[in-house]
Amino acid sequence: MSVKAFELVPAIERLQLLGDKAKTSIECIECCGKNLYIGTSDCFVVHFLLEEKVQANGKISFTSEKQSHKYLAVRKPISQLKAASALTRILVLCDNVLTLLNMFNLEPILSGAKIKGVTSFTVNENPTGSNPFAIEICVATRKKSVQLYSITEDKMNMMKEVTIPDVPILMSMDRYCVCTAMATEYCLVDTDTLHVTDLFPYEHETSIPVVKRVGKEEFLLSGPGALGMFVTSAGMSQRPPLKWSESVCGVCYAFPYIVALDEEFLTVHSVLDQQPPLHDFADIRQIVRSDKARLNECKRFLIGMLEDIRGSSLAIDMKEDVDTTLLKLYAECDLIKLQKLVSTENACKLEDSFKILEKNDCHHALATLSRLHGDNESALQIWVKLSDGVLQDDSFPGFEFVFNFLSVLSEHDLLWRHIDWALRKNQEKAVMIFTERPATETSSERLRPDDVIAFLSSYPKAIIRYLEFLVFTKKLEKEKYHTHLAVLYLDAVLQLRKESQSEKTQQDLARSKLRHMLQTSNLYRVQLILGKVKETDMYAECAILYGKLEEHDKALRILVYKLQDYGAAENYCHVNSLGRDKTYRRRLFQILLGVYLDPLEGKQDSLIAPAITLLNSDIADFDNIRVLQIIPDSWSVGLVTKFLTHTLRHNMHSCRTTKVQRMLARGENLNLKSVLCAENKHPIFVGDDRVCKVCNQAFVDASFVRYPNGTITHVHCARNRSVCPVTGKLFSTKKS
Numbered sequence: 048m049s050v051k052a053f054e055l056v057p058a059i060e061r062l063q064l065l066g067d068k069a070k071t072s073i074e075c076i077e078c079c080g081k082n083l084y085i086g087t088s089d090c091f092v093v094h095f096l097l098e099e100k101v102q103a104n105g106k107i108s109f110t111s112e113k114q115s116h117k118y119l120a121v122r123k124p125i126s127q128l129k130a131a132s133a134l135t136r137i138l139v140l141c142d143n144v145l146t147l148l149n150m151f152n153l154e155p156i157l158s159g160a161k162i163k164g165v166t167s168f169t170v171n172e173n174p175t176g177s178n179p180f181a182i183e184i185c186v187a188t189r190k191k192s193v194q195l196y197s198i199t200e201d202k203m204n205m206m207k208e209v210t211i212p213d214v215p216i217l218m219s220m221d222r223y224c225v226c227t228a229m230a231t232e233y234c235l236v237d238t239d240t241l242h243v244t245d246l247f248p249y250e251h252e253t254s255i256p257v258v259k260r261v262g263k264e265e266f267l268l269s270g271p272g273a274l275g276m277f278v279t280s281a282g283m284s285q286r287p288p289l290k291w292s293e294s295v296c297g298v299c300y301a302f303p304y305i306v307a308l309d310e311e312f313l314t315v316h317s318v319l320d321q322q323p324p325l326h327d328f329a330d331i332r333q334i335v336r337s338d339k340a341r342l343n344e345c346k347r348f349l350i351g352m353l354e355d356i357r358g359s360s361l362a363i364d365m366k367e368d369v370d371t372t373l374l375k376l377y378a379e380c381d382l383i384k385l386q387k388l389v390s391t392e393n394a395c396k397l398e399d400s401f402k403i404l405e406k407n408d409c410h411h412a413l414a415t416l417s418r419l420h421g422d423n424e425s426a427l428q429i430w431v432k433l434s435d436g437v438l439q440d441d442s443f444p445g446f447e448f449v450f451n452f453l454s455v456l457s458e459h460d461l462l463w464r465h466i467d468w469a470l471r472k473n474q475e476k477a478v479m480i481f482t483e484r485p486a487t488e489t490s491s492e493r494l495r496p497d498d499v500i501a502f503l504s505s506y507p508k509a510i511i512r513y514l515e516f517l518v519f520t521k522k523l524e525k526e527k528y529h530t531h532l533a534v535l536y537l538d539a540v541l542q543l544r545k546e547s548q549s550e551k552t553q554q555d556l557a558r559s560k561l562r563h564m565l566q567t568s569n570l571y572r573v574q575l576i577l578g579k580v581k582e583t584d585m586y587a588e589c590a591i592l593y594g595k596l597e598e599h600d601k602a603l604r605i606l607v608y609k610l611q612d613y614g615a616a617e618n619y620c621h622v623n624s625l626g627r628d629k630t631y632r633r634r635l636f637q638i639l640l641g642v643y644l645d646p647l648e649g650k651q652d653s654l655i656a657p658a659i660t661l662l663n664s665d666i667a668d669f670d671n672i673r674v675l676q677i678i679p680d681s682w683s684v685g686l687v688t689k690f691l692t693h694t695l696r697h698n699m700h701s702c703r704t705t706k707v708q709r710m711l712a713r714g715e716n717l718n719l720k721s722v723l724c725a726e727n728k729h730p731i732f733v734g735d736d737r738v739c740k741v742c743n744q745a746f747v748d749a750s751f752v753r754y755p756n757g758t759i760t761h762v763h764c765a766r767n768r769s770v771c772p773v774t775g776k777l778f779s780t781k782k783s
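Residue numbers (the working numbering): 48 to 783.
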C-alpha cells in the first residue's frame, strides 16, 4: 500500500542562491524555525528567511527572502552548519576549523571562539547539563580522539577528551553515548566511563558512512549489503534493518520516517513498521486537510487521553513521553494548563521542553520550568526581559511577580544582582524584596538592616518604606533608625512646601505622617529635628517636639496663640498625660488654663470662652483650689457655675467613697483579728525532742511549717505549701 508521507515544495530558486556564479554548489544546509542557512562550495554562508503560505486550495507554498551572506575567506567548502537558537549562534565547520557566527547577521563572535583540527562535529540532542543557554557538542579530531565542549554565546569550553582506535570521520551523540564512524568501521564511545565498543565494519571503498540519531540512545548506521542498521547505546539492534540503495550518502529523520539520499533519488522509509501499514495516513495534518478547527479538536482529544493516562499505570514507562507531549500541546493551545504543568513536579525532557517553549514564545513557562529545576538565574534573566518588554508573553503576570520571587529567593548573591533593576522599575514595590522575607529564613550578613539602608540611600522612596518597616512593623528600638526616618519625613514635607505645583492633600498627608512619627516615637533625636522645624512655620510639629522635651508651656502657647487651635491644645494635655499619674495630668491642664488666663499675652478677654470650655470639659482634671486662686475676680459666679457644681459633686462623691472604703477596711481588720484569735486557741509546742517529719532533724530555731493535717517540717523542707510532703495530701489554697 502506498502512503504519501511528504510533498516536495520549492523553497528557494537556484538563480536566487547562485546568482552569476554557475559553479557554486550547495555543500550543507540547516533550518531553524523560519531561518534557512546554506553552506556553499565557494566558502559562503547564506541566510534566508522562509514564509509558509496556505493557498485557497489547501496547497502549501513558500516564499524566501535573502537576509545576509558571509564569505569566510579560506576558499574551502563549508562542511557543516548547525544552528543553536538558544544562543542565537550558528556553528560553522570550514577548512577543519569550527567557528561561531551570529545567527542573524552572520558576523563572527568578537571573542574569537574557535576550535582547530576538526574533521566533524555533532550536537548532543540529550545533554547531561540543565543550562538552557548552553549546548553540548562532540568534536572529531585528527588526533584519534573525540572531545566534548560546552558552547555558550561567546565561549567554547572543553570538558573531556576520549581516545579512540582510529581517526573519527562522522558521528552522532545522545547523552553519554557517541556513535562514531572511523575509516573502516563504527564504534560506540561512552564519555562517562571512557569505554569504547567496536560495532561492525562498513564497505569504505564503495560507500559513505552514515551515522544518524533516531531516538533516545539509538542510532541508524549504513551497514554492509545496502542495509540501514539500528544500534542502541548498548551495542544491540532492537529493530529490523532498512533496505536501501547501496549509494546512500546521507539520511534525515522525521518521526516516523527516514529519508535517504543517494546519487539519484530520495527514498522514504518508516521506522514503525516495514510490513501491510495500519492506515493510509502519513500524519494528522493529512487527515484534517489544513482545517484548523479539526486540528484543534484532534489536539484536545489527545490532551484528554494523555491526561487520563498520566496518572495511571499505563504511563509508568512512558512518563517522559507523556509529559513532554502534554507540554507541547499545552504550549500550542492551553497556556493555563501549561503553567500548572511546569510549576509542579513533572517528567518532561528538559532539552525538548526548552525548545518547544521557546519555539511557541512561552517564555514565562520556560522560566518557571528553569526555576523548578533549580536554575534560578536563567529564570530571572527571562523574567527581567519580560518585565522590560524585550520578550512578549501574555501569560506573564508582571514585574510584581518577579519582586515576589526575589523576596523568597535564598540565593542572596543572585538577589543583589537584581536589586538595582527592581528599584529602577518601582521603588515602593521593590522594597518588599527586603520587607517580606520568609519567617523561616536564616539570618544573613548580606541582608543586615544597616547594609540595606546604605544601599537604598540613593532611592528616596524605597529607603522611607524600609525604615517604616523597621520602625513600625519590626519595632526596632534603635535611635538611628527613628531619627533617620523622622529626618526623611521632614525633608519630604519641606520639599513639597517648596514645590508650587504640589497639591495641598499631598502636603497634608506628608505632615500627618511626620506628626504621627514625632508623637508616637520616643527614640529620635528631638533637638536635631526641632532645630530644623524652628526655622519654619510648622507650629504643630514644634508643639509636639517641645512636648517631648517636657517644655509644655512653650508647646501650649504655640497651639493657643500661633494656631488658635483650642481643641488641639486640650487634646495635647490628654495625650501627653496618658500613662502618667494624676499629679502630672493635673499639671498639664493647669498650664493650659494658665495660658488662657495669662495677661502677659494681651488676649486675656478673648480667651475667656476656651478657658470656660476647658473648665467644663469632661476629660480635663484640675487641682480645684489652685483653679479658684487663679480665676479672675471679675468673673461672675454664673460663668463658673457648671465647674463649681461639678467640683462639689466630685468632692462629695470622693468623700463618701473614702468613708465606705474606710468602713470596709475596718470590717476586714475585725475579721482578721477574729481568725488570729481562733488560731491562738490551739498552740503548737516544739521542744528539743520534736523533729522534722521530712528530714528527721531537730528544730534549731522557732521557724517551722505546720500543715492542716498536723505535719510539722522545717521551712526549707516544705517545698509545696499545698501538698503534705509526708502523706501527699492536697490541701485547698482557697479560704472559705
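Even glycine gets a Cβ: it sits at the ideal position worked out from N, Cα and C. On a predicted model such as this, the values are computed, not experimentally measured, just so you know.
Comparing alpha-carbon positions, which option in the options lies nearest residue i?
| i | options | result |
| --- | --- | --- |
| Leu-565 | Leu-577, Gln-554, Glu-458 | Leu-577 |
| Gly-297 | Ala-130, Lys-290, Val-306 | Val-306 |
| Val-99 | Asp-555, Phe-91, Leu-83 | According to the sequence displayed, residue 99 carries Glu and not Val. Cα-wise, what sits closest to Glu-99 is Leu-83. |
| Thr-787 | Thr-253, Glu-77, Arg-634, Met-229 | This structure gives no information on residue 787, because the portion of the chain shown stretches from 48 to 783. |
| Glu-311 | Cys-742, Ser-294, Lys-190 | Ser-294 |
| Pro-215 | Lys-472, Met-205, Asp-221, Leu-235 | Leu-235 |
| Asp-441 | Arg-464, Glu-250, Asn-407 | Asn-407 |
| Ser-132 | Leu-596, Arg-737, Lys-595, Glu-77 | Glu-77 |
| Lys-346 | Ile-356, Asp-381, Pro-679, Lys-290 | Asp-381 |
| Ala-656 | Gly-734, Ile-638, Trp-682 | Trp-682 |
| Arg-286 | Gly-272, Glu-265, Ala-301 | Glu-265 |
| Glu-112 | Leu-119, Val-752, Lys-81 | Lys-81 |
| Asp-736 | Phe-746, His-729, Lys-263 | Phe-746 |
| Lys-384 | Arg-341, Asn-393, Leu-374 | Leu-374 |
| Lys-207 | Leu-153, Asp-201, Val-225 | Val-225 |
| Pro-179 | Ile-331, Ile-429, Ala-378 | Ile-429 |
| Lys-366 | Tyr-608, Ala-340, Leu-397 | Leu-397 |
Helix, strand or coil, according to DSSP, for residue i in the structure here?
| i | result |
| --- | --- |
| Ala-587 | helix |
| Pro-288 | coil |
| Pro-155 | strand |
| Gly-126 | Just to set this straight, residue 126 is Ser in the shown sequence, not Gly. Looking at Ser-126 - three-state DSSP - the assignment turns out to be strand. |
| Gln-194 | strand |
| Lys-346 | helix |
| Pro-507 | helix |
| Pro-248 | strand |
| Gly-445 | coil |
Mark residue i as exposed unless 16 or more other C-beta atoms lie within 10 angstroms of its C-beta, in which case mark it buried.
| i | result |
| --- | --- |
| Tyr-631 | exposed |
| Tyr-506 | buried |
| Val-121 | exposed |
| Phe-247 | exposed |
| Ser-390 | exposed |
| Met-203 | buried |
| Pro-485 | exposed |
What first and last residue would you give for the beta strand (DSSP E) that runs through residue i?
| i | result |
| --- | --- |
| Cys-226 | 224-228 |
| Leu-140 | 136-141 |
| Cys-79 | 73-79 |
| Asp-237 | 232-237 |
Excluding the 5 residues flanking residue i on each side, which residues of the same chain have their C-beta closer than 8 Å to its C-beta?
| i | result |
| --- | --- |
| Val-56 | Ile-107, Ser-108, Phe-109 |
| Val-165 | Leu-140, Asn-143, Val-144, Leu-145, Val-186, Ala-187, Thr-188 |
Under 7 Å Cβ to Cβ from residue i, same chain only, skipping five residues before and after it: list those, please.
| i | result |
| --- | --- |
| Leu-543 | Ser-549, Gln-553, Gln-554, Ala-557 |
| Thr-71 | Leu-65, Thr-87, Ser-88, Asp-89 |
Among residues of its own chain, excluding the 5 on either side of residue i, which ones have a beta-carbon nearer than 6 Å to its beta-carbon?
| i | result |
| --- | --- |
| Ile-605 | Tyr-586, Cys-589, Ala-590 |
| His-621 | Ile-666 |
| Ile-511 | Leu-535 |
What residue range does the alpha helix (DSSP H) around residue i cover?
| i | result |
| --- | --- |
| Thr-415 | 410-419 |
| Asn-671 | 671-677 |
| Leu-319 | Looking at the DSSP string, Leu-319 is not in any alpha helix (DSSP H), and its letter there is neither H nor E. |
| Arg-696 | 688-727 |
| Leu-661 | 655-662 |
| Leu-635 | 629-644 |
| Gln-542 | 526-545 |
| Gly-614 | 613-623 |
| Phe-95 | Not the alpha helix (DSSP H): Phe-95 falls in the beta strand (DSSP E), residues 91-101. |
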